[in-house]
Amino acid sequence: AAQSRRFMRVFGVLRSLKMQDDAFVPTGGRGLGYNHVEEGAASGEELNAKKHCARAAEGEKGSDSDDSDEEASVLRSPLAAAWLLSVIATALISSWASSRGTSKEASLGDAVQLIDAGTVAGRSSYWGSYNDLFSAAEYVDLTHSFSPATPVWQGFGPASVQAGKAGVDMEGYVKKGDEFTYYDHGFQTTQYQLTTDQYGTQLDPPAHWNEFGATISDLPATFTLRPLVVINIVPKVKDHLNYSATVQDVKDWEKAHGTKVPKGSAVFFRSDWSKAWDRYSKDGLPDQFPGVSLEALKFLHRDREILFHGHEPLDTDMTPSLEGEAWLMHNNFAQGEGITNLHKVPEHGCLLSIGFAKPLGGLGGYARYVAICPPGTTEGGQTVEEVPGAPLPRQNHPLRRDDSGVMVPTKDVEETKYCESKAALGCETVGKPVWSA
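The working numbering puts the first residue of the sequence shown at 148, with every later residue one more than the last.
Spelled out as structure tokens, the structure:
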């Protein structure tokens, strides 16, 4: 927790810098970054950064003090701005080293390398941030895979999956209604028959309930990356299965972490309800489940101005009218549902990657939520170095469809002999795939 707070304090100072024509100039003590530093910066570098940010703020406001004017003028120079940023970068590198349990001491050279990677020199580039921050972060998937077995409200009914089929005749290649296969065509596709767009891990747009609300295709690209807050209500759910999170739960989180819920953040409520997901798939959804109270939702949106909240169950609350969801949708707020793995991430300090399918006019979103967390703070999180993503791993067995139509690795089946069919794609000649060259 201490490492996460330090990480966020330094990140906040970086955020409090803005670029002008010739140099970075601190924006002063009104932003998120300054607040994080003031709430308890531990290192000398961080305290110096806070002090100079405050001095610059006084200078920008036109202080009558000659000393303040002089300090602000010096800080606006390119050299002084570069020095300040090097201090912050040095503190950031020290935080990383500490979180990894190393004895490495950050040097000015390390800071300059970080700055050269894109913080200052590359004014229009975030590549340096990716290389030095996000590549070392730990990634945790907060999303359920969906299939015909996915638990769903009985009013919608289950989905079905089958092999993709040709929609028209293509002479010499495929006939209408034929399944595409690895052997005959060189590839396969899957056909999904989905009974609802409220399925699995979701992002609900206001139009789900509100005829004047934004649809899923209306959600802006700015949803993509936000601070993640995780509020743990597990102890209370153990005593009351239908417990609804309260305003006090939110304030208790703020007291524990020494900061308010960030504006524009995603606030997810951890109940561990999702740990029994496989059981729900077999036995159906339980009669009772935890939720979030209407008062807590109003507080988060009106007082803390969050982007949206999320929860593990498939409904917001157990009230007869589903009052929480109704209030959100008709006040033009989105919400996340069917979230999992919140027990694997810290309550404070992570970012959230928010992805979703974009059907035009869609009333629900098949979502992909991924937590991006400081090194050493997750359970089973993976780094880009550990899982680079290219090339992707090979399956242990050939993929074949199970009884529900889902493609799964299957033992004791014969491998496809690619390119023995004259029509198959991906072949130089019969029996010679292009990838074997």
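Every residue gets a Cβ at the ideal spot worked out from N, C-alpha and C, and that includes glycine. Computed from a prediction, not measured in an experiment: that's the story for all the values here.
CA-to-CA distance, residue j to residue i, given in whole angstroms
| i | j | result |
| --- | --- | --- |
| residue 271 | residue 318 | 51 angstroms |
| residue 269 | residue 523 | Residue confidence for residue 269 is low, a pLDDT of 46 falling below 50, so the modelled location carries little weight and cannot support an answer. |
| residue 537 | residue 531 | 10 angstroms |
| residue 370 | residue 572 | 39 angstroms |
| residue 458 | residue 295 | 22 angstroms |
| residue 379 | residue 488 | 12 angstroms |
| residue 226 | residue 507 | Residue confidence is low: residue 226 scores 48 on pLDDT, short of 50, so the model does not pin down where it sits. No coordinate-derived value is stated. |
| residue 185 | residue 288 | Residue placement at residue 185 is poorly supported in this model, since its pLDDT is 35, which falls under 50; the coordinates still yield a value, given next. Cα-Cα distance, rounded: 33 angstroms. |
| residue 381 | residue 419 | 6 angstroms |
| residue 341 | residue 331 | 27 angstroms |
| residue 343 | residue 434 | 21 angstroms |
| residue 430 | residue 567 | 45 angstroms |
| residue 517 | residue 366 | 18 angstroms |
| residue 498 | residue 511 | 23 angstroms |
| residue 285 | residue 533 | 10 angstroms |
| residue 494 | residue 390 | 19 angstroms |
| residue 169 | residue 501 | Any reading at residue 169 must be qualified, since the residue scores a pLDDT of 34, below 50, and its modelled position is unreliable; the value itself is stated next. Spanning the two alpha carbons is a distance of roughly 35 angstroms. |
| residue 464 | residue 392 | 10 angstroms |
| residue 416 | residue 281 | 25 angstroms |
| residue 314 | residue 329 | 18 angstroms |
| residue 525 | residue 283 | 13 angstroms |
| residue 292 | residue 388 | 25 angstroms |
| residue 539 | residue 560 | 22 angstroms |
| residue 195 | residue 492 | For residue 195, the pLDDT reaches just 46, beneath the cut-off of 50, and the residue's location in the model is therefore unreliable, leaving the point undetermined. |
| residue 527 | residue 584 | 38 angstroms |
| residue 449 | residue 413 | 14 angstroms |
| residue 447 | residue 562 | 54 angstroms |
| residue 547 | residue 515 | 25 angstroms |
| residue 275 | residue 529 | 20 angstroms |
| residue 424 | residue 486 | 10 angstroms |
| residue 466 | residue 368 | 33 angstroms |
| residue 386 | residue 535 | 42 angstroms |
| residue 587 | residue 399 | Since the displayed the chain opens at 148 and closes at 584, residue 587 lies outside it and no answer follows. |
Of the listed residues the options, nearest to residue i (C-alpha basis)
| i | options | result |
| --- | --- | --- |
| residue 306 | 273, 330, 290 and 346 | 346 |
| residue 504 | 513, 497 and 498 | 513 |
| residue 395 | 525, 443 and 575 | 443 |
| residue 322 | 486, 358 and 312 | 312 |
| residue 490 | 422, 326, 535 and 496 | 422 |
| residue 316 | 308, 326, 309 and 310 | 326 |
| residue 352 | 509, 426 and 494 | 509 |
| residue 310 | 500, 432 and 550 | 550 |
| residue 578 | 333, 466 and 275 | 333 |
| residue 354 | 482, 515, 425 and 519 | 482 |
| residue 445 | 428, 520 and 397 | 397 |
| residue 277 | 555, 519 and 556 | 519 |
| residue 427 | 300, 399 and 279 | 300 |
Cβ-based neighbour list, residue i, same chain, cut-off 8 angstroms, excluding 5 preceding and 5 following
| i | result |
| --- | --- |
| residue 401 | 407 and 408 |
| residue 582 | 573 |
| residue 247 | Low confidence applies here, because residue 247 scores a pLDDT of 48, under 50, leaving its location unreliable and the question unanswered by this model. |
| residue 411 | 373, 374, 452, 453 and 454 |
| residue 470 | 441 and 464 |
| residue 479 | 353, 357, 360 and 361 |
Contact set for residue i: own chain, Cβ-Cβ below 7 angstroms, skip 5 residues either direction
| i | result |
| --- | --- |
| residue 558 | 544 |
Neighbourhood of residue i by C-beta distance below 6 angstroms, restricted to the same chain and skipping five residues each side
| i | result |
| --- | --- |
| residue 320 | 570 |
| residue 576 | none |
| residue 565 | 580 |
| residue 484 | 349 and 461 |
| residue 552 | 308 and 309 |
| residue 384 | 390, 418 and 437 |
| residue 324 | 312 |
| residue 588 | Outside the shown range of the chain, which is 148 to 584, sits residue 588, and nothing can be said about it. |
| residue 404 | 495 |
| residue 555 | 549 |
| residue 290 | 348, 515 and 516 |
Any chain B beta carbon closer than 8 angstroms to residue i
| i | result |
| --- | --- |
| residue 469 | Looking at the structure shown, chain B is missing, and only one protein chain is on hand. |
Q: Determine contact between the segment 365-376 and the segment 320-337, defined as no fewer than three beta-carbon pairs at a distance below 8 angstroms.
A: no
(Q) Tell me whether the segment 359-372 and the segment 436-449 touch, counting them as touching only if at least three CB pairs, one residue from each stretch, are closer than 8 angstroms. (A) no
Q: Go through the segment 330-418 residue by residue and report every complete run of the alpha helix (DSSP H) that reaches 4 residues or more, in order.
A: 381-386 and 394-404
Q: Quick one: which unbroken beta strand (DSSP E) runs of 3-plus residues sit fully inside the segment 522-568? Chain order, please.
A: 546-548 and 554-556
Q) Should the segment 296-304 be called in touch with the segment 539-549, which here means at least 3 C-beta pairs below 8 angstroms? A) no
Q.
Is it the case that the segment 445-455 contacts the segment 466-484, given that we only count it when at least three CB pairs across the two stretches are under 8 angstroms?
A. yes
**Q.** 3-residue-minimum beta strand (DSSP E) runs that sit fully inside the segment 423-481, ordered along the chain
**A.** 455-458
Q: Quick one: which unbroken beta strand (DSSP E) runs of 3-plus residues sit fully inside the segment 487-526? Chain order, please.
A: 497-503 and 514-520
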